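What follows is one structure encoded as structure tokens, with my remarks underneath.
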Amino acid sequence: MALVLNDKDSGSNVIVPNNPTAKLMYYLNCMCKVLNLYQTEYDITRLTDFRRYVCISDEDLASMIILCSYLDPGTLTDVCIFQDEVACGNKVNTFCDVNTLPKNMAAAKSVTVGNVKVKVLKIMFYKMAFIETYYVEPLAYFIALYDTPSSRRQQPQQTIHQTDNVQKPQSPCKTVRMTNNSKNNDNRSCCCIL
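Using my numbering, the first residue of the sequence shown is number 7, and each one after it goes up by one.
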């Protein structure tokens, strides 16, 4: 089941798939609206496309989890994100420009993420349900996944090749055959089936 949220920036509803990866990607997407993370030397757009969560690589997933741990709401609350049930209305989160912040609140002009100083672009108000759903629960899922040896996503390559009864999980990116009139006999193409 997907969750439908009202995204004030785009003026339309946002559908977030009910999946830990998609939810954490949505959290990162929200933090990119708050902080100028797209203007750093790293291209993180592939980490925020929560609609295509099934195509994220294991390496990008690990990078996203680490980046989200730097963007801990406990650290950012009352700096550039604020828990305010009233400001959210019937939504779990909402954004406003830094200039329109109520006079009784102060926000930082920039924050340090890891070792990079980034500018605060917007302020996000949230309900605790937002943090629970899009940060705490997905991170708890990944911590449990990676802490349990039998549940790890990546097994050492030697173990996979030496054990006959271990099957690799199927990737959501499927190989499809295409008809091709060229003399090249390799007519495979990789595409992501969503």
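C-beta atoms are modelled at their ideal positions from N, C-alpha and C, and glycine is treated no differently.
Predicted, not measured: the structure shown is a model, and the values here were computed from it.
If you compare the alpha carbons of Y147, L67, T106 with that of C86, the shortest gap goes to T106. Distance from the CA of F148 to the CA of L82, rounded to the nearest whole angstrom, comes to 21 Å.
Counting along the chain, F136 sits inside the alpha helix (DSSP H) bounded by residues 134 to 137.
In this model, G80 and M111 are separated by some 17 Å (Cα to Cα).
According to DSSP, residue pairing for L127 in a beta bridge does not occur.
Judged by their CB atoms, F136 and N99 are nearer to each other than the 7 Å cut-off.
Counted as a single uninterrupted DSSP element, the stretch harbouring N25 is not any beta strand (DSSP E), since DSSP gives it neither H nor E. Residue environment: P108 is assigned as exposed (fewer than 16 neighbouring CB atoms within 10 Å of its CB, all protein chains considered). Excluding five sequence positions before and after V124, the CB atoms of its chain that fall closer than 7 Å to its own CB belong to L41, N42, L43, T46, S116, V117, given in chain order. For V92, the enclosing alpha helix (DSSP H) stretches over residues 91 to 94. By the neighbour-count definition (other C-beta atoms within 10 Å, threshold 16), A28 is a buried residue.
Following the DSSP letters along the chain, one finds T100 inside the beta strand (DSSP E) bounded by residues 99 to 103. Per the DSSP secondary-structure output, S116 pairs in a beta bridge with K125. DSSP lists F131 as the bridge partner or partners of F88. Using a Cβ distance threshold of 7 Å, Y76 and G120 count as a contacting pair. Taking all protein chains in view, the Cβ of Y32 is crowded by 16 or more other Cβ atoms within 10 Å, so the residue is classified as buried. For I72, the uninterrupted alpha helix (DSSP H) run begins and ends at 64 to 76, by DSSP.
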